[in-house]
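Chains as they are written, first to last, in the working numbering: chain A, 3 to 309; chain B, 85 to 380; chain C, 2 to 419. Just so you know, even glycine gets a beta-carbon here, dropped at the ideal spot from N, CA and C. Please read these numbers as outputs of a predicted model, since none were measured by experiment.
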Amino acid sequence: MTLLAEKSPAAEPAPPRRAPARRRLVPYWLLLPGILWLLVFFALPLVYQASTSVQTGSLEQGFRVTWHFATYWDAFTEYWPQFVRSLLYAGTATLLCLLLGYPLAYLIAFRAGRWRNLILVLVIAPFFTSFLIRTLAWKTILADDSAVVAALDALKVLDVTNWLGLTEGDRVLATPLAVVCGLTYNFLPFMILPLYTSLERIDGRLHEAARDLYASPATTFRKVTFPLSLPGVVSGTLLTFIPASGDYVNAELLGSTDTKMIGNVIQSQFLRVLDYPTAAALSFILMAIVLAMVTVYIRRAGTEDLV
Amino acid sequence: MNPRNATGPKDPNDPKDPKSPGKPAGLLGAAVRRLRRDLVVLAGLLTLAYLILPNVVVMVFSFNKPNGRFNYSWQRFSTDAWQDPCGVADLCGSLGLSLQIAAWATVGATVLGTMIAFALVRYRFRARGAINSLIFLPMAMPEVVMAASLLTLFLNMGARLGFWTVLIAHIMFCLSFVVTAVKARVMSMDPRLEEAARDLYAGPVQTFLRVTLPIAAPGIAAGALLAFALSFDDFIITNFNAGSTVTFPMFVWGSAQRGTPVQINVIGTAMFVLAVLVVVAGQLVAARRKRTAATR
Amino acid sequence: MTTTDTYTGGDVRLTGISKSYGSFTAVQPLDLTVPQGSFFALLGASGCGKTTTLRMIAGLEDPTTGTVHLGDRDVTDLPPYKRPVNTVFQSYALFPHLDIFENIAFGLRRRGLKSVKKQVGEMLELVQLGDKARHRPHQLSGGQQQRVAVARALINHPQVLLLDEPLGALDLKLRRQMQLELKRIQTEVGITFVHVTHDQEEAMTMADTVAVMNGGRVEQLGAPAELYEHPRTTFVANFLGTSNLIPAEVAGTGSEVVVTAGGGKLRLPGERCPAGARPGGRLLVGIRPEKITLSHADDAGAVPDGRNRITGRITDSSFIGVSTQYTVDGPAGTGLQVYEQNIERDPRLVPGAEVVLHWNPAHTFGLDADQDIAAGTEQETAAGAGSGAGPGAATGPGRNTAGPGQDIAGAERAEDSP
Chain A
3 MTLLAEKSPA
13 AEPAPPRRAP
23 ARRRLVPYWL
33 LLPGILWLLV
43 FFALPLVYQA
53 STSVQTGSLE
63 QGFRVTWHFA
73 TYWDAFTEYW
83 PQFVRSLLYA
93 GTATLLCLLL
103 GYPLAYLIAF
113 RAGRWRNLIL
123 VLVIAPFFTS
133 FLIRTLAWKT
143 ILADDSAVVA
153 ALDALKVLDV
163 TNWLGLTEGD
173 RVLATPLAVV
183 CGLTYNFLPF
193 MILPLYTSLE
203 RIDGRLHEAA
213 RDLYASPATT
223 FRKVTFPLSL
233 PGVVSGTLLT
243 FIPASGDYVN
253 AELLGSTDTK
263 MIGNVIQSQF
273 LRVLDYPTAA
283 ALSFILMAIV
293 LAMVTVYIRR
303 AGTEDLV
Chain B
85 MNPRNATGPK
95 DPNDPKDPKS
105 PGKPAGLLGA
115 AVRRLRRDLV
125 VLAGLLTLAY
135 LILPNVVVMV
145 FSFNKPNGRF
155 NYSWQRFSTD
165 AWQDPCGVAD
175 LCGSLGLSLQ
185 IAAWATVGAT
195 VLGTMIAFAL
205 VRYRFRARGA
215 INSLIFLPMA
225 MPEVVMAASL
235 LTLFLNMGAR
245 LGFWTVLIAH
255 IMFCLSFVVT
265 AVKARVMSMD
275 PRLEEAARDL
285 YAGPVQTFLR
295 VTLPIAAPGI
305 AAGALLAFAL
315 SFDDFIITNF
325 NAGSTVTFPM
335 FVWGSAQRGT
345 PVQINVIGTA
355 MFVLAVLVVV
365 AGQLVAARRK
375 RTAATR
Chain C
2 MTTTDTYTGG
12 DVRLTGISKS
22 YGSFTAVQPL
32 DLTVPQGSFF
42 ALLGASGCGK
52 TTTLRMIAGL
62 EDPTTGTVHL
72 GDRDVTDLPP
82 YKRPVNTVFQ
92 SYALFPHLDI
102 FENIAFGLRR
112 RGLKSVKKQV
122 GEMLELVQLG
132 DKARHRPHQL
142 SGGQQQRVAV
152 ARALINHPQV
162 LLLDEPLGAL
172 DLKLRRQMQL
182 ELKRIQTEVG
192 ITFVHVTHDQ
202 EEAMTMADTV
212 AVMNGGRVEQ
222 LGAPAELYEH
232 PRTTFVANFL
242 GTSNLIPAEV
252 AGTGSEVVVT
262 AGGGKLRLPG
272 ERCPAGARPG
282 GRLLVGIRPE
292 KITLSHADDA
302 GAVPDGRNRI
312 TGRITDSSFI
322 GVSTQYTVDG
332 PAGTGLQVYE
342 QNIERDPRLV
352 PGAEVVLHWN
362 PAHTFGLDAD
372 QDIAAGTEQE
382 TAAGAGSGAG
392 PGAATGPGRN
402 TAGPGQDIAG
412 AERAEDSP
């Protein structure tokens, strides 16, 4: 920043010159407040949580660090179905977001013409209605006597989802399908926007070149459009999967006791049961799983410059 | 090479290409081709409908007069809620609190994030990698993990949960997003512009205020907008760290258990319409400015 | 416009100035004086240090050693915004968020002038953009943007105007036009212009004095004709136009030096030889392609006595319009270039023909034979630019360790962009 890139006029004349110390410190001053904030309120809490997870005791007598690592094992063995469910739901929702989001992002980038801005607004504007209100609206949409459920039933879609174990009988609400549907809905814009950004950047002449070089439309998409949109795919899937894996709102509002995700467990352990060590251990296991998956994914996708 | 050289964005994978081999000929072929060409449009519009449907429901049900405590099924038309949007205890208070927290979180995160972004783009320093990771990690972490660990910290410190803990948490998780938005803008800035300013007698402060800031402004504004939206709509982190303080999302969450007043639909709809209007107005102003600049 | 601001003794004096980035030296210690009111060009290939030198005059780069004087004033430690020097940047660096009027008024406003309307108006007229005052830079063509950049700098009546490849982004025709335009403006306002370019034709067209830079050093400095006719190094001989350089052995010295090359004798003026030439020593004999006359071997007898002559065979010819360019191989050297005006074309001069090349000995120059004979030719320059980027890139880690918090914005433009 030029603000402080000033040379002091009284700099020592003797060569070789060096940047004044004041100037060399500039980046550190710029970084200090923000980084301190992240260290104290992001990194330090993780340390506290690590310590909490190996504590034993009770709310009445207080907790003490006893290096009780068994909490991790106990927590995992007790709640592994919720872990598996979380990853399954989040993964399915991410895949659905990609399948649903790509055509819309493509439509906005290449086919929308003068409607482009309007559609973009319609994608972003729902953000401003609290996502909780919108999730509650799904309760109406997927209610047992709603037109949507009746249509799904008539189209025999429910038979398929029943067979897949996603729904039960002629209900959608309080089933895994409703939760996945809610997750997909909630994180869809986080998929569409990065996809749109990377699609929009593609130089139209590349497509013309591909077609000129005997690529059919399908091949053009497979060999040119899709590879070039990969950065958007990677950041879109991350922005969808990470929050979805820890979400408990959709499972709580649209699901039942059989669709509880790990977020629900952590939330209730922390805020209702007040079993802090177990909650902290669960939270750490979730963090480890997600970070490991993200790291492997980024490596595989070869996109390091997401930030 | 494409005879259908319409203006505006053009579908790069348009199957109506003379070179595409193996297309069925004749009328049926044309219909099939047309369908294939517009398949992506159809799919996109379906997704858009999926995205918009809940908002439509929220809007319609803001005119509902429910029988019980819950506003989930249609009874009859009424504008009662619109005439008295604050008619439910604590609703407007929680909305005000949310706006207040969002405003302060935006200011805090934008200032701190902009400073970090400038440092990252403009300077070389030690521990760059570590700092990049520290900024990336909050975005790569499920919210519930951050929420729970932050609560552990506050409990250990004996902090009283409320406005301040929520604000601290919001600034924390908005920070990374602001850094990302501002960084992108500053990186694409030509450093020669600032050199030109210094060359033209602008001192460091003047250069920053007259050139750097105005040019980085769209990035900073985008970051601030994002921070505001994230903070205003945040539930999970707030849920853990708010104590007995009730923000608007917390109010909605609570009402899902106790009974949903129609007024939350009114407020949700109003916010949605307001957002669309602001964006449309902005677009119109930008378009007009462009036109006057071109004719002048 | 007004040029009432007069400066006494406004020479730009660089004394022992150098610039290093870690272990990479962009500019070797350099002494240079640019006389007041002159049009001075720094000419060289990319990475030769010319832009770094310019940026040190502007104050955008801190010299590693040495001082910068404007007249009697030492400005080495002055930041750019306190120097009476303005720059026309490569790719112009017009402020995208300000209109043309405000771009031009920027410097005046920063110096606290309130009423700038009249001056800006005059300046807009000077660069013929009066109707574009309220346009944004991106609405202007490349040539118009370039004129705005010049106006934005000139309105401040700087003691020195620095131009960093100002015409690089323009197409050929517009470039020619702008060269004349800039020259006209310089004559009109009488300000010292220091112009950085890699285009030798541009430098020679515009500048009174040209400094040819290579590898962070000034190879030779002088008026364009002087540099062209009396190159002192192979780099200058090859970089400015084309030269035929023939390795030869000195046979006799005096007011006229006689050398043997390819079995024949060649003569050249003693004052055009390097001082160290003595019988038995080696020498590079140089002659410009357009000074050579080409005769068919059958007409060898018609060549007047007293002219330098060598024999050869045409290997290639290309018709350029005003002239025909021949490539000739002979015992004295291969790939010799000859440019013949297309006045009366000899139909026998086709590839394969045996020819005699002859020229006035006075046009011959001698160069020290210890140099790289290919320095400054196009292939060599390209390779040089490549290897020039090499050390620059290699100093990357060195730069990192040079000091924490170092401003990278400057360091990354250590090498001139082409």
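Show which residues of chain B have a CB atom less than 9 Å away from the CB atom of C/Phe107.
-> Ala280, Ala281, Leu284, Tyr285, Ala286, Arg294, Val295
Going along the stretch 77-89 of chain C in order, which residues come within less than 9 Å of chain B, judged by CB to CB distance?
-> Pro80, Pro81, Tyr82, Lys83, Arg84, Val86, Asn87, Thr88
Where do the N-terminal and C-terminal ends of the beta strand (DSSP E) with B/Asn151 fall, by residue?
-> Taken as a continuous stretch (DSSP letters only), B/Asn151 belongs to no beta strand (DSSP E), as it is neither H nor E.
Interface flag, B/Ala115 vs chain A, CB-CB below 8 Å | no
Please check if any C-beta of chain B sits within less than 8 Å of the C-beta of A/Val292.
-> yes
Contacts of B/Thr194 in chain A (Cβ-Cβ under 8 Å) = What B/Thr194 touches in chain A: nothing, since even the nearest Cβ is about 11 Å away.
Using a C-beta to C-beta distance shorter than 7 Å, which residues of chain B count as neighbours of A/Val125?
-> Leu135
Could you check how far apart the C-beta atoms of B/Leu314 and B/Phe261 are, in whole angstroms? I think they sit under 8 Å.
-> 6 Å
Can B/Arg269 be considered in contact with the ligand SAH, in the sense that its beta carbon sits closer than 7 Å to one or more heavy atoms?
-> The ligand SAH is absent from the structure shown, which contains no ligand whatsoever.
Thinking A/Met193 and A/Leu100 are a contact (beta carbons under 8 Å), I'd like their distance in whole angstroms, please.
-> 6 Å
Is the number of C-beta pairs between the stretch 49-59 of chain A and the stretch 276-291 of chain A that are closer than 8 Å three or more?
-> yes
8 Å Cβ shell around A/Gly103 - same chain, five flanking residues per side excluded = Leu190, Met193, Ile194, Leu197, Gly238
Consult DSSP for B/Asn323 and reduce its assignment to one of helix, strand or coil.
-> helix
Closer than 7 Å at the beta carbon, the chain C residues around B/Asp274 = Ala94
Quick one: give me the first and last residue of the beta strand (DSSP E) that C/Ile288 is part of.
-> 283-288
For chain B, find out if any of its Cβ atoms is closer than 8 Å to the Cβ of A/Phe44; answer yes or no.
-> yes
What are the partner residues of C/Val356, as DSSP defines its beta bridges?
-> C/His297, C/Gly313
Take C/Glu257 and list the residues in its own chain whose beta-carbon comes closer than 8 Å to its own, dropping the five residues that flank it on each side.
-> Arg268, Leu269, Pro270, Gly271, Pro362
Helix, strand or coil at B/Asn139 [DSSP, three-state] | helix
Between which two residues does the alpha helix (DSSP H) containing C/Leu162 stretch?
-> Taken as a continuous stretch (DSSP letters only), C/Leu162 belongs to no alpha helix (DSSP H), being part of the beta strand (DSSP E) at 161-165.
Leaving out five residues before and five after A/Leu230 in sequence, what residues of the same chain have Cβ atoms less than 6 Å from its Cβ?
-> Ile204
Where the alpha helix (DSSP H) through A/Pro47 begins and ends | 46-55
Could you work out which residues of chain C lie near B/Leu277, taking near to mean beta carbons separated by less than 7 Å?
-> Ala94, Phe96
First through last residue of the alpha helix (DSSP H) which encompasses B/Leu179 | 175-206
When the Cα atoms are used, what is the spatial distance from A/Thr199 to A/Val67?
-> 48 Å
Across which residues does DSSP place C/Pro270 in a beta bridge pair?
-> C/Glu257
Pick out whichever of C/Asn245, C/Ala134, C/Leu109 has its Cα sitting closest to the Cα of C/Ala376.
-> C/Asn245
From what residue to what residue does the alpha helix (DSSP H) around C/Gly17 run?
-> Careful: C/Gly17 lies outside any alpha helix (DSSP H), inside the beta strand (DSSP E) at 13-22.
Could you give the residue range of the beta strand (DSSP E) that holds C/Asn87?
-> 86-89
So which residues of chain B does A/Arg87 contact, with C-beta pairs closer than 7 Å?
-> Neighbours of A/Arg87 on chain B: none; closest Cβ ~14 Å, over 7 Å.
Closer than 8 Å, CB to CB, is B/Val360 near chain C or not?
-> no
In angstroms, rounded to a whole number, what distance separates the CA positions of A/Trp2 and B/Gly246?
-> Only positions 3 to 309 of chain A appear in the structure, and residue 2 of chain A is not among them; the question remains open.
Could you name the residues of the stretch 154-182 of chain B whose beta carbon sits closer than 9 Å to any beta carbon of chain C, in the order they occur along the chain?
-> none
Identify which residue in C/Glu220, C/Leu241, C/Leu163 has its Cα closest to the Cα of C/Gln372.
-> C/Glu220
Delimiting residues of the alpha helix (DSSP H) encompassing B/Met223 = Segment: none, B/Met223 is in no alpha helix (DSSP H) and carries neither H nor E.
Closer than 7 Å at the beta carbon, the chain B residues around A/Trp140 | Pro138
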